[in-house]
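Worksheet: the structure to be examined is printed underneath.
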Amino acid sequence: MPEIFHQRHPAIVRVTHWLITLSFLALLLTGVEILISHPRFYWGEIGNVNTRPLFTLPIPSSRDTVPTGYGYVLPDQNGWSRYLHFEAAWVAVLTGLLYVAFGFSKGHFRRNLLPAPSDLSPTMLANDIARHLRFGPPSDDEAWSYNVLQRLTYLLVIFVLFPLVIWTGLALSPAIEGTFPALVTILGGRQSARTIHFFVTIFLVLFLLIHVVMVYLAGFRKRVGAMIVGRLPKAVERL
Amino acid sequence: MNKISRRKLITAGLAGAAGAAGLAVAANLAKRYGLIPPDAGVLYGPGETLTYAAQRLLSRHSLAREFARSEISKDPFANEVDPLGVEFNRLQDGAFVDWRLAVDGMVARPASFSLAELKSLPHSTQITFIACEEGWSYIAEWKGVPLAHVLNLVGALPQARYIVYRSIQPDWWDSIDMADALHPQTLLTLGMNGSELPVPFGGPLRLRVPRQLGYKNVKYITSLTATDSLKRFGKGLGSSAPEGGYAWYAGI
Chain V
97 MPEIFHQRHP AIVRVTHWLI TLSFLALLLT GVEILISHPR FYWGEIGNVN
147 TRPLFTLPIP SSRDTVPTGY GYVLPDQNGW SRYLHFEAAW VAVLTGLLYV
197 AFGFSKGHFR RNLLPAPSDL SPTMLANDIA RHLRFGPPSD DEAWSYNVLQ
247 RLTYLLVIFV LFPLVIWTGL ALSPAIEGTF PALVTILGGR QSARTIHFFV
297 TIFLVLFLLI HVVMVYLAGF RKRVGAMIVG RLPKAVERL
Chain R
16 MNKISRRKLI TAGLAGAAGA AGLAVAANLA KRYGLIPPDA GVLYGPGETL
66 TYAAQRLLSR HSLAREFARS EISKDPFANE VDPLGVEFNR LQDGAFVDWR
116 LAVDGMVARP ASFSLAELKS LPHSTQITFI ACEEGWSYIA EWKGVPLAHV
166 LNLVGALPQA RYIVYRSIQP DWWDSIDMAD ALHPQTLLTL GMNGSELPVP
216 FGGPLRLRVP RQLGYKNVKY ITSLTATDSL KRFGKGLGSS APEGGYAWYA
266 GI
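The listed protein sequences correspond, in order, to chains V and R.
Each number in the numbering used here corresponds to the 1-based position in the first sequence with 96 added.
Each number in the numbering used here corresponds to the 1-based position in the second sequence with 15 added.
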């Protein structure tokens, strides 16, 4: 019987993609739970309800010690949230390391994520950005290969945002900071690390939203199918 | 085809067996070197075990960061304290002269110390932050007797692996391993920012464990017990924290 599918994503990319997805969602949910116990952010080494915040999120809190202006206190979910946050962090970090090792050793980054120099010319970039802003449909070859904006975004997520969120997370561990104080001092202090951790998370959530919208525009079933079983139907012709 | 699947099967079988054996060896070694936390059996035990084991391997002897005098928080936040009870009020009315710290368990010479006796022991001071699991923190100068010194005085036995400590607040107790108990910055704290430790901050006696979060720094300490196992204490999870859903190890 003739092959009716073509290989798209290697198994390791698919498995690590979904493991990272799961652990990221767990980290996000538990991160929000931990955050509402103190929805105030500071800069520098210290910060508490007696010091001036850099900014405060206009949301209720799960602690009655935090002045929020709301007349009620949310239930405390920090216990399981903290347990799950760190467990999911381990899954994310170990999976990420596996993916990065694969990406370098098998040429995945070089072949699939590094943009061709010609694609980086201002005209090409401007064209691609304009096409994205018009929500234009992807070209057929984009079913088989990432476009330049996709490549740049994925590189940013893999090599900037994820390392930063892991770094700032580690900087919040009192035992790790004793061993590697520079993790904290470079960032300007413990509370700065916490604030950066929050902002990097915002960028990761933005990425997730745009990513899901793009997948939807490109054909949700086909794209998600390719990320699960690794193949695309032959109808999406390989160029 | 057949040959390949058989070879694959044998390879997978061997790899599986090697993996299982490796895990068993790792688990045994981890247990022997004290890398398994007492709440390893709870739902999130695997993540907790990885964190605790990694940090014990990486940071067993590391020191918490110390700060300059100018960085001490001018208006530290004590957090709320539940009503401290009749017994605490009676002791406070007597200026804490009757406050006792009992030390027992796996020690050669069980003892009980008054605050005056503790104050006569060698002191150490440190300017360190205390960080709450909620996210806030402050920096203070803490003064107290290194726990290691007291454990030395009572002759803690070599087989002791944990120190259990209890608050005068009912049902509030915790424990640390010997890496933290013998750590030079772990203090039976009697003073803060140049004066007596104020009651809202845990006075007259608080255990400072600066390499762990605030909730391990239990206030109003009345007793210490050296033990080789935490099974007999509470639900056997190492402290009242896991019984309320929080991790035993808070070095995160």
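The C-beta atom is built at its ideal place from N, Cα and C for all residues, glycine as well.
Leaving out the 5 sequence neighbours to the left and right, which residues in its chain are closer than 8 Å to residue 225(V) when beta-carbon positions are compared? 245
Let me know if residue 231(V) comes out buried or exposed under the rule of 16 or more other beta-carbons within 10 Å of its beta-carbon. exposed
Contacts around residue 38(R), its chain only, beta-carbon distance under 6 Å, and the 5 residues preceding and following it disregarded: none
Helix, strand or coil at residue 103(V) [DSSP, three-state]: strand
DSSP three-state call for residue 238(R): helix, strand or coil? Reduced to three states, the DSSP call for residue 238(R) is strand.
Might you give, ordered along the chain, the residues of its own chain that have their beta carbon closer than 6 Å to the beta carbon of residue 184(V), omitting 5 neighbours on each side? 119, 122, 123
Excluding the five sequence neighbours on either side, which residues of its own chain have a C-beta within less than 6 Å of the C-beta of residue 225(R), listed in chain order? Its chain contains 79, 143, 200 as the residues whose beta carbon lies nearer than 6 Å to that of residue 225(R), once the 5 sequence neighbours on both sides are disregarded; these appear in chain order.
Can you tell me whether residue 291(V) is buried or exposed? The criterion is at least 16 other CB atoms within 10 Å of its CB, across all chains shown. buried
When DSSP builds the beta bridges, which residues end up paired with residue 118(R)? 126(R), 239(R)
Is the Cβ of residue 271(V) closer than 8 Å to any Cβ of chain R? It does: the Cβ of residue 271(V) has a partner Cβ on chain R nearer than 8 Å.
Sequence-distant residues of the same chain with beta carbon closer than 6 Å to residue 138(V), five excluded per side: 149, 150, 287
Would you mind stating whether residue 162(V) and residue 145(V) have Cβ atoms separated by less than 8 Å? yes
Would you call the CB atoms of residue 179(R) and residue 116(R) closer than 8 Å? no
Tell me the residue span of the beta strand (DSSP E) that contains residue 144(R). 139 to 146
Given residue 138(R), which residues of its chain have a CB within under 7 Å of its CB, disregarding the five upstream and five downstream residues? 158, 159, 160
Kindly indicate the opening and closing residues of the alpha helix (DSSP H) around residue 290(V). Residue 290(V) -> alpha helix (DSSP H) spans 286 to 325.
Given that residue 183(V) touches chain R, what residues does it touch there, using C-beta distances under 7 Å? Residues of chain R whose Cβ lies closer than 7 Å to the Cβ of residue 183(V) are, in chain order, 59, 61, 62.
Helix, strand or coil: how does DSSP classify residue 204(R) here? strand
Distance, residue 103(R) Cα to residue 148(R) Cα: For residue 148(R) and residue 103(R), the gap between their C-alpha atoms comes out near 26 Å.
Closer than 9 Å, Cβ to any Cβ of chain V: which residues of the segment 177 to 189 of chain R, in chain order? none
At what residues does the beta strand (DSSP E) containing residue 192(R) begin and finish? 188 to 192
Report yes or no: do the segment 52 to 70 of chain R and the segment 251 to 267 of chain V share at least 3 C-beta pairs separated by less than 8 Å? no
Using beta-carbon positions only, say whether residue 245(R) and residue 53(R) come within less than 8 Å of one another. yes
Is residue 334(V) helix, strand or coil by DSSP? Note that residue 334(V) scores 49 on pLDDT, short of 50, meaning its location in the model is unreliable; the coordinates nonetheless yield the value given after this. DSSP places residue 334(V) in coil when its eight states are reduced to three.
Using 8 Å as the limit for Cβ to Cβ distance, is residue 161(V) near chain R? yes
At 4 residues or longer, what runs of the alpha helix (DSSP H) sit wholly inside the segment 146 to 223 of chain V? 174 to 201
Closer than 9 Å by beta-carbon distance: list the chain V residues that pair up with residue 79(R), in chain order. 270, 271, 273, 274
Mind the definition here: the segment 77 to 96 of chain R touches the segment 211 to 221 of chain V only if three or more C-beta pairs lie below 8 Å; say whether that holds. no
So which residues of chain R does residue 174(V) contact, with C-beta pairs closer than 9 Å? The answer, in chain order, is 148, 149, 260, 261.
Taking the alpha-carbon positions, what's the residue 200(V) to residue 206(V) distance? One C-alpha to the other measures close to 8 Å.
Who pairs with residue 158(R) in a beta bridge, going by DSSP? 140(R), 206(R)
Assuming residue 74(R) is part of the alpha helix (DSSP H), what are its boundary residues? 60 to 74
With respect to the beta strand (DSSP E) encompassing residue 178(R), which residues constitute its N-terminal and C-terminal limits? 177 to 182
Taking contact to mean at least 3 C-beta pairs separated by less than 8 Å, is the segment 109 to 124 of chain R in contact with the segment 44 to 53 of chain R? In this structure the segment 109 to 124 of chain R does not touch the segment 44 to 53 of chain R; the number of beta carbon pairs closer than 8 Å is below three.
Could you pull out every residue in the same chain whose Cβ sits closer than 6 Å to the Cβ of residue 285(V), ignoring the five residues on either side in sequence? 140, 141
Can you find a C-beta in chain V that's less than 8 Å from the C-beta of residue 225(R)? yes
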